[in-house]
Amino acid sequence: MTKKCALLPLCFLLLLIPALCFAQITPGDKGFREYTIEAPNDTINFYLYAPRDLQKDHLFIHIDGSYPAPLWIETNPCCSTMDPFSYNLIPDNYAYVVISKHGFPFSDKEDFTVPSNYWEKNTLDFRVERVNRVIKYIQQEIFQPENIVLVGTSQGTDVAAKLATLNKDVTHLGFWAGGGLPQLMEFIMFVRKDAIAGKISEVEATKRIDSLLVQFERMFQDPSPHKMWDGNSYLSYVSFSEPPVQHLLKLDIPIYVAVGTLDKNVAVENSYIIPVEFIRHRKKNLTFRQFPNYDHNFIEITETGQEIDQFDTVTKDFIQWLEEH
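In this note's numbering, the protein residues as written are 659 to 983.
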């Protein structure tokens, strides 16, 4: 099975996977069991990968990025997925879980519509609470995992980092393609990178940054879910303004951070604050991995411009790290 990656703004990954047909995709088609949790003002649908009846000892939850879409998109030929993991790489004794975004089904057509109240719900605390409810449901209704592993990708890193400070049953944290500072810093950092690279003048850079600061203040004065800027709502930007590094520093569990040095969604400079702060606080529970020439999706960009999907490489390294920690 071949995989091709396409980069989307402020999301982690869209994998294009050729298959045989154009039809509605069910969780069972992909080896998942579907579960539903009815919560106040929310219906949470999550999916546990279990193509075979094997005993599960541990829990592995992927928390994806910000892009509003179903987990699977019905294309012709079939089909696309927002889930980048190769399930065969997850050890058999781990229950692998993914969660649909609020209001989205497991799969939908390419011309899917975003639920009308999606942006009202796309906040840090709302996403944290959804995953926390899934963990508690699994513990109470399905099995008692010995280890609970969270892997956040892109915006999911913010969610995973904060959740790990609130749920003391989380034992391991993966923080992939995320920054340590508030998301809004990305916009300023990329302007500065353009100036340093000579793509724009210093005068132009200062004008752009001044404009960004005005926009940031506008969002904080009116954090509305109905006002949009650069692909996200004002409310989302404001709610995701908590510096993830502050949450990471509260943790004593093993943490694995993975960054691609050619990430064009999250400035890699934003990630280096994490190891620096762990050193400053003399904390020893961080593993910091840099992947040279990998982009936001862990696609390797060679000197000739060739693109090589290396997400599995990062996954294998993480699984090895899990076994050692």
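Here a beta-carbon is modelled for each residue, glycine too, at the ideal position from N, C-alpha and C.
With respect to Ser812, Gly723 sits close: the two C-beta atoms are nearer than 7 Å.
Within the DSSP bridge table, the entry for Gly889 names no partner. Only buried fits Tyr952, as 16 or more other CB atoms lie within 10 angstroms of its CB.
For Val817, the closest alpha carbon among the candidates Asp880, Glu958, Gln841, Ala855 is that of Gln841.
Around the beta-carbon of Lys942, fewer than 16 other beta-carbon atoms lie within 10 Å, marking it exposed. Taking all protein chains in view, the Cβ of Ser869 is surrounded by fewer than 16 other Cβ atoms within 10 Å, so the residue is classified as exposed. In the DSSP annotation of this structure, the continuous segment of the alpha helix (DSSP H) that includes Gly814 starts and ends at 814–824. Counting only residues of its own chain and dropping the five nearest sequence neighbours on each side, Thr701 has a CB closer than 7 Å to the CB of Thr694.
Contact check between the segment 728–739 and the segment 786–804: fewer than three CB pairs, one atom from each, fall below 8 Å, which does not count as touching. Shortest Cα-Cα distance from Gly686 to any of Asp921, Ile719, Phe764 involves Phe764. For Gln873, the enclosing alpha helix (DSSP H) has its first and last residue at 860–879. The Cβ-Cβ distance between Leu747 and Thr973 falls below 7 Å. Bridge partners of His720 according to DSSP: Val809. Between the segment 713–733 and the segment 753–760 there are three or more inter-stretch CB-CB distances shorter than 8 Å, so the stretches are counted as touching.
Under DSSP, Asp715 takes part in no beta bridge, so it has no partner. According to the DSSP assignment, Arg691 belongs to the beta strand (DSSP E) that extends over 690–697. Straight across, the Cα-Cα distance linking Gly832 with Gln964 is about 28 Å. Take the alpha-carbon of Leu839 and the one of Pro709: they are about 39 Å apart.
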